[in-house]
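Quick notes on the structure that follows.
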Amino acid sequence: MKIAAGLVAWLLILGVFVAVTSFAREARAASDGAMIRTIKVVGASRIEPETVQHYLSLKPGDRYDAARADDSIKALFATGLFRDASLTMQGGALVVKVAENPLIARVAFEGAKDVTSDTLAKEVQLKAGGTFSKARAETDVQRILTAYHRQGYYTAQVEAKTIAREHDRIDVVFEITEGPQIKVVGINFIGNASFSDAELRGEITTTESGLLDFLRNSSVYDPDRLNLDREMLRRFYVKSGFADMRVLSATADVDSDKVDAEKKGFFLTFTLDEGARYTFGNLDVEATAHGLDAKALSASIKGKPGDIYNAELVDRSVEALTKAAAEAGAPFAQVRPRIDRDPVRRTISVGFVVEDGPRAYVERVEISGNTATKDEVIRREFRVAEGDAYNKVIVEQGRLRVMRTGFFKDVRVEKQPGSASDRVDLALKVTEAETGNLSFAAGYSSSEGIIGEVEYTERNLMGTGQYLQLKLSGSLSGNGAFNVSWTEPRFLDHNVSFGVDAFVKSADYTESAGYTVAGYKDFRVGGTTRFGFPITEEFSTGVNYTLMLDRVYGVDDDASLAVKQIKGTSVISSIGYNMIYDTRDNRKKPTRGFYFKGVQDLAGVGGDVNYIRSTSEARAYYPISQEIVLAGRAQAGNITGWGGQSVRVVDAFYKGSETIAGFKSFGPRDATTGYALGGTQFYSATAELRFPIPFLPTDLGLSGAVFASAGTMFGTDAASFAKAYAAANGTSNTLVTTNSSKLRASTGFSLIWDSPLGPLRADIATVLSKANGDKTQTFGFGYAGW
């Protein structure tokens, strides 16, 4: 009985549905073909009827068409202005009935803490003053969730609610439950036989959660960053000889075994197939382009047979050969590397084929996106101008030069057809980056005590590419300085830099300061004008002129007679030059290469003080393995007076733990008081083996080193000043100096921290050899200068 009753009810419902559908179809069919004489808009209060009619596919004079009516309704909904819309024919009138979406009075984010409301407001489409639609609200919920996911809040919940206000307005409130921030707690690698997990962690951008999370967000899981890390791993392996390396998978799993949600975290696992490690085989050039000498071009090849294969060197060779071919009269030449793998010998031979490319000229270079940087700054780095021969490698080199300025987040070059088949236009599109930086630093130095520094740097002053630096520093010992530095890197549009520096320095070497004791205070104010000349990518030179006012005051009663003699104010006017040769692979943390700097200054071009000062420094870096680096440094200096003058104590060299670890200070001294007198000559050498610290994550930035250092400083003209003081003041000359050229030496262990404030190091040293009067220390702390 129940089954029969249910069947009857179902048949009744079906009959009603069929009847209604048939009626609607008949009504619609009756409307089809009817002439539209007028259009009547019903329900629009804020929106003008003409605006509604604008979105309709049907116009007065048309015949009604159901398909065009559907298109009109879709167009009305697509505007986001209406929550409902319908079209019907009533006689000769097309009646458009709409229900407007309410206006948004306010958009609020309740519960947003770690991701600010300002950040979320930039993510959503719904804005105050706009119209509300449910579809946009749902889309905005997903956008907010995506913003939270980027910050590691993968359990965040978002719900959009509306609060009715008067005059058909509403408030839109996104209620947010942030939940815990889930970070990366482990990074593992499978298949890495040649490199340790610690080495590979140092090559990717994602880091494990740790003590320094408050300084960075790299421990937050980001799928885009994971894809970048895959590419960085591939590049690292290919650069290290593993040409067949593949990242088979990169997965992120949440540790679901932990009950406490606050402690959950992502575990990243990279599965690798390293493949074989290759060395370079034969490297040669085949020049088919007209007028080129293959033997001459071969000098531009980077690397040599037997070296570990490095794909970056192949790319650099292509760039260098393209440039060399253009300079040799073949601007359209193209370089094609021909790779020949020998899996048995595990070598990769590369033949660089230099051939004629299609002849095309640059007709226009259009720059866009540079809201701050001036066009001429970009053009002088791009170095491809209208009328130049088009060569894609040279264009790419120009793009990289623009990118290396650091002024832009992104630089893209799009090739577009010109006015003829042999003409091309280049669209250079840039995205500006922040170029100003304000930094604060604090630390401790064995020679100065607690130190602090405030620095403002602008690398693109007013969009001109000029460099400005303001730096204020001070220490517990009473030392302080203020420096202003300005540089124009392309003076008068030439490849010459021009700069001006101004400085004020104050140093306290009195006994009351308690640190480096020489018995006086020194105040200096002055400025420098300088020119720099880059000769090649590795070699540059420069010249400078410095004018400085030097005041020696606050002399201790028992200070050396040599100090008392120079008390007062002197003018120092000097010219100088410098030479720099640098082949390091990374200037911040080098592992391979060589660095040399030589400086010489001549004081006495006017002024009161005459001397010639020469200093030099050489550094070398050699990788023992991927993790261990052997580093060496040698320094030397000499200062001598001229024109009948001797070297003042304040102009002499002062050295300590920054030169030889374990020595607070060393060199000539007043034998009676122990005050330092400085030296006129010094030399030193340090050998250091740097390595990662086992069991510590590389993202902490900590590494260790064992070192051995030796050197000396000697020579002083203090006696001549003391004699002059005694003669002028009718006193006896009581100066007795310790002035030993004995070699000082030490060995020990260092802890190096690549901190956000700059590289710092702590040394534990054992002094092996010293001279009388030297001040030694077991523990030292300061900046890691090399």
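Numbering follows UniProt numbering, in which position 14 of the sequence shown is assigned residue number 14; successive positions increment by one, without gaps. For each residue, glycine too, the CB sits at the ideal point set by N, CA and C.
Length of the line joining the Cα atoms of residue i and residue j
{"i": "Ala276", "j": "Ile187", "result": "24 angstroms"}
{"i": "Asp608", "j": "Arg551", "result": "12 angstroms"}
{"i": "Gly91", "j": "Arg63", "result": "12 angstroms"}
{"i": "Ala502", "j": "Val496", "result": "20 angstroms"}
{"i": "Thr162", "j": "Asp224", "result": "34 angstroms"}
{"i": "Thr251", "j": "Phe267", "result": "8 angstroms"}
{"i": "Gln125", "j": "Arg136", "result": "7 angstroms"}
{"i": "Thr435", "j": "Phe407", "result": "6 angstroms"}
{"i": "Arg28", "j": "Ala66", "result": "Model confidence at Arg28 stands at a pLDDT of 47, short of 50, so the residue's coordinates are unreliable and nothing is read from them."}
{"i": "Ile639", "j": "Thr288", "result": "57 angstroms"}
{"i": "Phe195", "j": "Asn437", "result": "36 angstroms"}
{"i": "Thr205", "j": "Leu233", "result": "10 angstroms"}
{"i": "Ala294", "j": "Val285", "result": "6 angstroms"}
{"i": "Phe531", "j": "Leu602", "result": "16 angstroms"}
{"i": "Thr672", "j": "Arg613", "result": "28 angstroms"}
{"i": "Ala156", "j": "Gly111", "result": "11 angstroms"}
{"i": "Met713", "j": "Gly667", "result": "5 angstroms"}
{"i": "Gly191", "j": "Leu272", "result": "5 angstroms"}
{"i": "Ser709", "j": "Ala507", "result": "28 angstroms"}
{"i": "residue 838", "j": "Tyr553", "result": "With the chain running from 1 to 786 in the structure shown, residue 838 is simply not present."}
{"i": "Ala324", "j": "Ile378", "result": "24 angstroms"}
{"i": "Arg25", "j": "Leu94", "result": "Bear in mind that the predicted position of Arg25 carries a pLDDT of just 45, short of 50, making it too unreliable to give a figure here."}
Buried versus exposed, by CB contacts within 10 Å (16 or more), residue i
{"i": "Glu688", "result": "buried"}
{"i": "Arg201", "result": "buried"}
{"i": "Gln334", "result": "buried"}
{"i": "Leu297", "result": "buried"}
{"i": "Val736", "result": "exposed"}
{"i": "Phe174", "result": "buried"}
{"i": "Ser305", "result": "A small correction: the amino acid at residue 305 is Pro; Ser does not occupy that position in the sequence shown. Under this definition Pro305 is an exposed residue."}
{"i": "Glu366", "result": "exposed"}
{"i": "Leu492", "result": "exposed"}
{"i": "Pro417", "result": "exposed"}
{"i": "Lys74", "result": "exposed"}
{"i": "Tyr595", "result": "buried"}
{"i": "Thr510", "result": "buried"}
{"i": "Phe280", "result": "buried"}
{"i": "Tyr622", "result": "exposed"}
{"i": "Asn733", "result": "exposed"}
{"i": "Val500", "result": "exposed"}
{"i": "Thr51", "result": "exposed"}
Host alpha helix (DSSP H) of residue i (start-end)
{"i": "Ser72", "result": "66-78"}
{"i": "Leu313", "result": "311-327"}
{"i": "Tyr148", "result": "134-150"}
{"i": "Gln53", "result": "49-54"}
{"i": "Ala389", "result": "No alpha helix (DSSP H) holds Ala389; DSSP gives it neither H nor E."}
{"i": "Glu627", "result": "Per DSSP, Glu627 belongs to no alpha helix (DSSP H) and is neither H nor E."}
{"i": "Asp118", "result": "117-123"}
Rounded Cβ spacing between residue i and residue j (contact assumed at less than 8 angstroms)
{"i": "Arg761", "j": "Leu751", "result": "7 angstroms"}
{"i": "Thr716", "j": "Asn772", "result": "Contact doesn't hold; Cβ gap of about 14 angstroms is too wide."}
{"i": "Arg336", "j": "Glu355", "result": "7 angstroms"}
{"i": "Ile176", "j": "Phe132", "result": "Contact flag wrong, Cβ pair sits at about 19 angstroms."}
{"i": "Phe721", "j": "Ala518", "result": "Actually they are not in contact, since the Cβ atoms of Phe721 and Ala518 sit about 13 angstroms apart, beyond 8 angstroms."}
{"i": "Leu468", "j": "Glu458", "result": "5 angstroms"}
{"i": "Gly748", "j": "Ala765", "result": "4 angstroms"}
{"i": "Glu274", "j": "Ala193", "result": "6 angstroms"}
{"i": "Val362", "j": "Tyr390", "result": "5 angstroms"}
{"i": "Asn610", "j": "Gly637", "result": "Their Cβ separation, rounded to whole angstroms, is 18 angstroms, which puts Asn610 and Gly637 out of contact at 8 angstroms."}
Opening and closing residue of the beta strand (DSSP E) in which residue i lies
{"i": "Gly607", "result": "593-607"}
{"i": "Val484", "result": "480-488"}
{"i": "Asp244", "result": "Neither: Asp244 is in no beta strand (DSSP E) and is coded neither H nor E."}
{"i": "Leu472", "result": "466-475"}
{"i": "Ser614", "result": "611-623"}
{"i": "Leu292", "result": "Neither: Leu292 is in no beta strand (DSSP E) and is coded neither H nor E."}
{"i": "Leu272", "result": "265-273"}
{"i": "Asp522", "result": "521-534"}
{"i": "Thr347", "result": "347-356"}
{"i": "Ser540", "result": "539-553"}
Of all the beta strand (DSSP E) runs that stay within the bounds of the segment 181-231, which reach a length of 3 or more residues?
183-190
Restricting to runs no shorter than 4 residues, where is the alpha helix (DSSP H) found entirely within the segment 664-750?
718-729
Every unbroken beta strand (DSSP E) within the UniProt domain "POTRA" (360-433), with a cutoff of 3 residues, ordered by chain:
361-368, 408-417, 423-432
Runs of beta strand (DSSP E) wholly within the segment 555-588 (minimum 3 residues, chain order):
568-582
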